[in-house]
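Chemist: Pasting a structure below so you can have a look.
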Ligand SMILES: [Zn+2]
Ligand SMILES: [Zn+2]
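In this note's numbering, the protein residues as written are 53 to 117.
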């Protein structure tokens, strides 16, 4: 498994699958909340989304949007 496929979101700190996000530095959830990009239709299993790998983290900033 190569690491360049998985990024770490600079906003919420969660890992995410780069191919599922429009932004290199943000998970689909944060890209959606901050910039209005299409969000992942998260499906959670074992504490993270099986599609984009987001773990449900929210930064204080995005939580209050
Ligand atoms: Zn994020
Ligand atoms: Zn997801």
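All C-beta atoms, glycine included, are put in the ideal place defined by N, C-alpha and C.
Hey, how far is the Cα of residue 104 from the Cα of residue 64?
Modeler: As the crow flies, the alpha-carbon of residue 104 is around 14 Å from that of residue 64.
Chemist: Please report the straight-line C-alpha distance between residue 60 and residue 67, rounded to a whole angstrom.
Modeler: 4 Å
Chemist: How many angstroms separate the CA atom of residue 110 from the CA atom of residue 56?
Modeler: 23 Å
Chemist: Thinking C-alpha only, which one of 112, 87, 82 is nearest residue 94?
Modeler: Distances from the CA of residue 94 to each of 112, 87, 82 were compared; the closest alpha carbon is that of 82.
Chemist: Could you tell me if residue 117 is buried or exposed, where buried requires 16 or more neighbouring beta carbons within 10 angstroms of its beta carbon?
Modeler: exposed
Chemist: Can you give me the Cβ contacts of residue 91 inside the same chain, cut-off strictly under 7 Å, excluding the 5 residues immediately before and after it?
Modeler: 80, 81, 84
Chemist: Is any non-hydrogen atom of ligand 2 found closer than 7 Å to the C-beta of residue 92, if you look at the structure I gave you?
Modeler: yes
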